[in-house]
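Note that our numbering gives residue 830 to position 108 of the sequence shown, counting from 1, and the numbers run on in steps of one.
Cβ coordinates follow ideal geometry from the N, Cα and C atoms, glycine included.
The structure displayed is predicted, hence computed values, not measured ones.
See structure below.
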Amino acid sequence: MSAAVVQAATVFGAERLEGLASAVDGVVAARIDELGDDEIRAELEAVEVARRRLEARACRLAAALSERAARRATDTDPHDLRAGERAGRQVRRDLADHLNWSPGQAKRAVADATALDAHPVAGAAADAGQLTARHARLLSDTLAHLLPGALRDRLETELVDAARAQDPVEFGRTCRGR
Numbered sequence: 723m724s725a726a727v728v729q730a731a732t733v734f735g736a737e738r739l740e741g742l743a744s745a746v747d748g749v750v751a752a753r754i755d756e757l758g759d760d761e762i763r764a765e766l767e768a769v770e771v772a773r774r775r776l777e778a779r780a781c782r783l784a785a786a787l788s789e790r791a792a793r794r795a796t797d798t799d800p801h802d803l804r805a806g807e808r809a810g811r812q813v814r815r816d817l818a819d820h821l822n823w824s825p826g827q828a829k830r831a832v833a834d835a836t837a838l839d840a841h842p843v844a845g846a847a848a849d850a851g852q853l854t855a856r857h858a859r860l861l862s863d864t865l866a867h868l869l870p871g872a873l874r875d876r877l878e879t880e881l882v883d884a885a886r887a888q889d890p891v892e893f894g895r896t897c898r899g900r
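Next up, the structure:
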């Protein structure tokens, strides 16, 4: 188990983080050369589903920190119209430094969480590991110009179904109508 996860689990009493680290330890400790091709494919698929689920969670966690900082800054100085924006930006910089993300990656994580939360069908599919945050971003960009309502909801469902079956490049073409 990584020292950082053990420390976080100990400091915050988060047994769920210990379970996550333990599960990952079990997967990475298995010798690949002892696995058959079908086992490798099955494990690769399981790892990808878990990665997508964790990616959605990481995006939402980053967004929560950014939004909370923005809200606190706005509450502290309600006359400073840009205080929240600056605070959110600072959190993204801090996340980039702490997690060794690029600044763009931190910004995208927050934007992706916004897309996941704005589109419940896509958010649920990402939480289930059926699509990536990039899929959700493409879907959100496609639906942005549509008014809320039954047509938008139906189109979201159709696009999520397409995203489940397509890689992000192909899905981008689908979203652009090509």
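- Under the three-state DSSP convention, the category Pro890 falls into: helix
- Item | Segment limits, alpha helix (DSSP H) that includes Leu860 | 855–865
- Local conformation of Arg898 per DSSP, three classes: coil
- Helix, strand or coil at Pro870 according to DSSP, with G and I counted as helix: coil
- Query: Gly810 and Ala792: beta carbons closer than 8 angstroms?
  - Reply: yes
- Would you check if there are 3 or more beta carbon pairs closer than 8 angstroms linking the stretch 776–791 to the stretch 746–757? no
- Query: Applying the criterion that 16 or more other CB atoms from any shown protein chain within 10 Å of the CB defines a buried residue, is Gly899 buried or exposed?
  - Reply: exposed
- Looking at the structure shown, is Ala850 part of a helix, part of a strand, or coil, going by DSSP? coil
- Task: For the stretch 820–834 and the stretch 763–783, state whether three or more C-beta atom pairs, one from each stretch, are separated by less than 8 angstroms.
- Result: yes
- Query: Closest to Ala837 by CA distance: which of Val882, Glu765, Arg773, Leu766 is it?
  - Reply: Val882
- Take Ala884 and list the residues in its own chain whose beta-carbon comes closer than 8 angstroms to its own, dropping the five residues that flank it on each side. Phe893, Thr896
- Exposure of His841, with buried meaning 16 or more beta-carbon neighbours within 10 Å: buried
- Message: By the three-class DSSP mapping on this structure, what secondary structure does Gly748 have?
- Response: helix
- Task: Note down, one range per segment and in chain order, each alpha helix (DSSP H) of at least 4 residues found wholly within the stretch 762–839.
- Result: 805–821
- Measuring CB to CB, does Ala848 end up less than 8 angstroms from Ala855? yes
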